[in-house]
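Student: Dumping the structure here so I can ask a few things about it.
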Amino acid sequence: MLWVIEHLENLSEWVKLEYAHCSRIIGKRNLLFTNVRAETERSFLRKFGKVEEKSAVELFAKEKIIVLEPRAGKFLAGGDFKKYKNILIGRMLGDFPQRGRTFELLTSKLKNAVPRSLGNYQFSIDGAAFVARKIQLKQEKDLGILNQPEIELSDEHSIELHYAVPVFKGKIIFTPGLVSYLKNEESWE
Ligand SMILES: C[S@@+](CC[C@H](N)C(=O)[O-])C[C@H]1O[C@@H](n2cnc3c(N)ncnc32)[C@H](O)[C@@H]1O
């Protein structure tokens with residue numbers, strides 16, 4: 031099965047961390063980044079998976095591909111991984127509240143898409159990949175959710191993430207490197 035990430039916005043340092051985490055969750059051989067228009071970005075992303083310049087909308091136009099779609103009426107289930115070959119995640123910034131951009135940019139353009147929800151909370155790209163992978167592995171009973179966690183950056187500063195973070199067997203699954211990245215951001219000085 032291919033796990034496809036449609037690259038829809040710029041490749042920021044934060045997104046690089048999320049993509050690297052997706053590669054660890056899914057495995058480099060099973061991950062495909064699509065819609066990567068810049069050669070510099072394609073070359074960087076080859077460290078983490080296969081890379082395509084074309085959009086998933088073009089590549090999977092005829093396929094019944096699962097789309098992780100926050101607006102879907104049906105929840106993702108373990109059985110979906112037996113029925114369908116590939117699964118698609120959108121790479122776009124989280125909105126708070128959500129604006130239906132996965133629907134606008136992906137689901138509505140893929141006529142045979144199989145939209146599936148992970149529940150009412152908005153996850154980051156790697157958070158969504160983590161939860162979906164645990165559903166595939168039938169380990170969802172050990173999953174929990176921490177919505178909008180606050181991260182302490184220093185004695186004076188903290189930041190609230192405007193999305194949900196998975197918890198697995200009681201451990202919070204933050205994007206590796208994100209807390210130190212945020213702590214080192216010059217804007218917090
Ligand atoms: C940060 S979210 C962006 C969601 C976007 N703001 C929207 O309005 O659709 C990035 C991607 O993670 C996946 N995702 C996040 N939370 C999800 C959920 N609760 N159900 C299904 N997919 C989700 C979707 O594929 C989405 O495109």
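The numbering of the sequence shown is the numbering used here, which starts it at 31 and goes up by one. Every residue, glycine too, gets a C-beta built ideally from N, C-alpha and C.
#1: What's the gap between the Cα of phenylalanine 133 and the Cα of phenylalanine 198?
#2: Who are arginine 76's beta bridge partners in DSSP?
#3: Buried or exposed, going by whether 16 or more other CB atoms sit within 10 Å of the CB of glutamine 178?
#4: How big is the Cα-Cα spacing for glycine 120 and valine 87?
#5: Among residues of its own chain, excluding the 5 on either side of glutamate 158, which ones have a beta-carbon nearer than 8 Å to its beta-carbon?
#6: Using 8 Å for Cβ pairs, my map puts tyrosine 49 next to leucine 75. What's the rounded Cβ distance?
#7: Which class does glutamate 39 belong to by DSSP, given the choice of helix, strand or coil?
#8: Can we count methionine 122 as close to ligand 1, meaning its CB is less than 7 Å from some heavy atom?
Tutor: Result, derived from the coordinates:
#1: 28 Å
#2: The partner list for arginine 76 (beta bridge, DSSP) is empty, contrary to what the question assumes.
#3: exposed
#4: 11 Å
#5: The sequence given here places alanine at residue 158; glutamate does not occur at that position. Around alanine 158: Leu98, Ile119 and Leu148.
#6: 7 Å
#7: coil
#8: yes
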